[in-house]
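All remarks here apply to the structure that follows.
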Amino acid sequence: MSPLKIITGDSATGPVLEIIGDLDHHTAPQLRDKLPTVALRPGGRLVLDLAAMHFCDSSGITALLAARHHAQAAGADIALAAVPANTLRILRIVGLDQIFALHDDVAAATRP
Numbered sequence: 247m248s249p250l251k252i253i254t255g256d257s258a259t260g261p262v263l264e265i266i267g268d269l270d271h272h273t274a275p276q277l278r279d280k281l282p283t284v285a286l287r288p289g290g291r292l293v294l295d296l297a298a299m300h301f302c303d304s305s306g307i308t309a310l311l312a313a314r315h316h317a318q319a320a321g322a323d324i325a326l327a328a329v330p331a332n333t334l335r336i337l338r339i340v341g342l343d344q345i346f347a348l349h350d351d352v353a354a355a356t357r358p
């Protein structure tokens, strides 16, 4: 188990949250607790950079959905960048690849 670290950055389109470590039952509340502190503007985009995420279980997927809800409530979009192959497979199996914008990297996800 890797501890979770969330690094907040900014881009021209909005905030970027870099998710490092495991997003699981024990750590997903950290992401959910962080979301209300992330300021979004209508028409902006929240980007979750998952390049350094090692593991994601169903609680992690639920936290990603909470991030999507937070973005939608603010009138913003959400994009996932650099989704690890094992997580991407799960997103595709359950159809969440249809509701999240998926990008190869942060540069593509933050392009206006």
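The numbering used here puts the first residue of the sequence shown at 247, with every later residue one more than the last.
Even for Gly, the Cβ is constructed at its ideal location relative to N, Cα and C.
The alpha-carbon separation between D295 and A313 amounts to approximately 12 Å. Counting every other CB atom within 10 Å of its CB across the protein chains shown gives R357 a total below 16, marking it as exposed. In its chain, beyond the 5 residues on either side, C302 have a beta carbon closer than 6 Å to the beta carbon of T333. Contact check for V262 and D268: beta-carbon distance about 20 Å, past the 8 Å limit, so the pair fails to qualify.
When rounded, the separation of the alpha-carbon atoms in Q344 and D270 is 22 Å. Beta bridge pairing from DSSP links F301 with D268. Just so you know, the alpha carbons of E264 and R338 end up roughly 22 Å apart.
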